[in-house]
Amino acid sequence: MSEETNPLGDISVDRDNLYREETFTDLKVASIRQLTPIQPDGSVDDARAVMFVGETTLMSARGPLPINCPIEATTLAEAMDAFPQAVQAAVERLMEEAREMQRQEANRIVVPGQGPPGGGGRIIG
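In my numbering, the protein residues as written are 12 to 136.
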């Protein structure tokens, strides 16, 4: 298929990067996704590490804010223990990114009638 007949390009499954996903939740605030590496035949790939991802939703002044964060753990029990710290670190990163975006936006604002930065005085010659 050419690019014109297939606008999505080459879509294929990466058979060397397959994971089985399981979700564990307390039905309150915490969800932990366990990603277990597998072979193309569905058997567990012991050569790669299991990964854990924490998920929760925080309420903000602008509504619900979904938080997703990697959790450094090798077992589900370790992931549950590390969940609060992983979420806290993700929230701190998110807040820092928001502050940086605000700083960048503030630097882009042009006020009518304001001269260029620095100097602005007359040149006497």
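Glycine included, each C-beta is placed from N, C-alpha and C at the ideal position.
- Pairing A90 with V64, the inter-Cα distance amounts to about 8 Å.
- Counted as a single uninterrupted DSSP element, the alpha helix (DSSP H) harbouring Q96 occupies residues 87 to 119.
- Sixteen is the threshold: since fewer than 16 other Cβ atoms of the shown chains lie within 10 Å of the Cβ of F35, the residue is exposed.
- The three-state reading of DSSP puts L19 in coil, since its state is none of H, G, I, E or B.
- For G53, the three-state secondary structure derived from DSSP is coil.
- With 16 or more other Cβ atoms from the protein chains shown falling within 10 Å of its own Cβ, T67 counts as buried.
- Boundaries for E83: no beta strand (DSSP E) harbours it, and the DSSP string shows neither H nor E there.
- CA-CA distance, P75 to E32, rounds to 25 Å.
- Per DSSP, reduced to three states, the secondary structure at L29 is strand.
- Looking at the backbone, the Cα of N79 and that of R44 are separated by about 10 Å.
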